[in-house]
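Written below as structure tokens is the structure these notes are about.
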Amino acid sequence: MRLVQFHRHCDEGAIRVGVEQAEGLGVVDLKTFDPSMPTTMRGLLELGEKGIECAQRALSSGQCVLNRSDIKLLSPILAPEKVVCVGMNYRDHCLEQNAPIPSEPIIFNKFPNVITGPYDDIILPSESQEVDWEVELAFVIGRSGKHIKEEDALSYVAGFTVANDVSARDWQMKRNGKQWLLGKTFDTFCPLGPALVTTDAVKDPHNLGIRCLVNGDEVQSSNTDQMIFKTEQIIAWVSQFVTLTPGDVFLTGTPPGVGVFRKPAVYLKRGDVVECQIDQIGSIVNKVV
């Protein structure tokens, strides 16, 4: 299934959760189908199997369908408790930098304020002159757990989505003691979407084409089979330290082709349009303002 969050143009203050009939097609409004359902994705995930089963029934019913022209898609998750990121997690991205392959996951975070919608604007902060793109496969936690074993880890994943780990390289690499957080966590620095694609609908999350285009020109192109640490390893590693909860967002790293390692370096400017694509998941398109 393709789970989404949206609001209707006639009622922009009200968040709803729904199911896409297919990518780009109509959306079934779960709250209209079953008034006992929550209005947010996080609320739906917290219901566990009950929520997913209701979504499946709603999709099969063909009822309560809204036209795409009547709604605006939001990020599939809003205000997550955690946004956990993995750095240097693509072999070809390490080679691009002449960097060693990490022996254990490199973990950093973004604050929840970074989350923005799949078609919303990326706002260039006046504090940075070196804002860069990073297409990434993201996944969302579906149930709570700690000290999760690798062999059980995928059962904790609700689904996958597309992310852009927008990064201010001057703050990431030159300022703040070269600690990554501030360069990664300006407002709007994590467009996410367009849907949360449930794990049963993704044949193999570690064999998906992944691309980024800037103004229509392909700047990143790789495959998630280049990931050094797979989804299961990331979950097992991070859950040693913190309890994972429904709605937690994980970004799994980016392939080569980012602007900072180009010669000369290339950074985003006002008016640019960034499109991040992942096979079977979809694409997000964000204008830089």
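If you read the sequence shown in my numbering, its first letter stands for residue 467, the second for the next number, and so on.
Idealized CB from N, CA, C, for every residue including glycine.
Residue environment, residue 736, which counts as buried when at least 16 other CB atoms sit within 10 Å
By the 10 Å Cβ count, residue 736 comes out exposed.
What did DSSP end up calling residue 615 once you bin it into helix, strand or coil?
Three-state DSSP puts residue 615 in coil, outside helix and strand.
Length of the line joining the Cα atoms of residue 730 and residue 485
Cα to Cα, residue 730 sits roughly 44 Å from residue 485.
Between residue 557 and the rest of its own chain, which residues show a CB-CB distance below 7 Å, the 5 nearest in sequence each way excluded?
Within its own chain, the residues whose Cβ lies closer than 7 Å to the Cβ of residue 557, once the five positions on either side in sequence are excluded, are 567, 692 and 694, listed in chain order.
Nearest-angstrom Cα distance between residue 548 and residue 683?
Approximately 32 Å, taken between the alpha carbons.
The alpha helix (DSSP H) with residue 526 in it runs from where to where?
Bounds of the alpha helix (DSSP H) holding residue 526 are 515-527.
Length at least 3, wholly inside the segment 646-730: the beta strand (DSSP E) runs in chain order:
Complete beta strand (DSSP E) runs here, min 3: 656-664, 675-680, 683-689 and 715-717.
Could you pull out every residue in the same chain whose Cβ sits closer than 7 Å to the Cβ of residue 681, ignoring the five residues on either side in sequence?
Sequence-distant Cβ neighbours of residue 681 in its own chain, meaning closer than 7 Å and more than five residues away, are 738 and 739.
Helix, strand or coil at residue 475 [DSSP, three-state]:
Residue state, collapsed to three classes: coil.
With C-beta atoms as the reference, is residue 496 less than 7 Å away from residue 483?
Annotated as proximal: residue 496 and residue 483, with beta-carbon spacing under 7 Å.
Residue from 626, 595 and 578 whose Cα sits closest to the Cα of residue 603:
Of the candidates 626, 595 and 578, 626 places its Cα closest to the Cα of residue 603.
Using DSSP bridges, identify the partner residues of residue 751.
Beta-bridge pairing by DSSP links residue 751 to 741.
Is the distance from the Cβ of residue 623 to the Cβ of residue 747 below 7 Å?
No, the Cβ-Cβ distance between residue 623 and residue 747 is not below 7 Å.
Touch check for the segment 602-619 and the segment 572-579: three-plus C-beta pairs under 8 Å?
Touching, no, given that fewer than three Cβ pairs across the two stretches are closer than 8 Å.
Check each candidate in 615, 654 and 538 and name the one with the smallest Cα separation from residue 710.
Sorting 615, 654 and 538 by C-alpha distance to the C-alpha of residue 710 places 615 at the top.
Cα-Cα, which of 512, 550 and 507 is closest to residue 705?
Nearest of 512, 550 and 507 to residue 705, Cα basis: 550.
Bridge-paired residues (DSSP) for residue 556
According to DSSP, residue 556 bridges with 693.
For residue 650, is the beta carbon positioned less than 6 Å from some heavy atom of the ligand ATP?
In the structure on display, the ligand ATP does not appear, and there are no ligands present to speak of.
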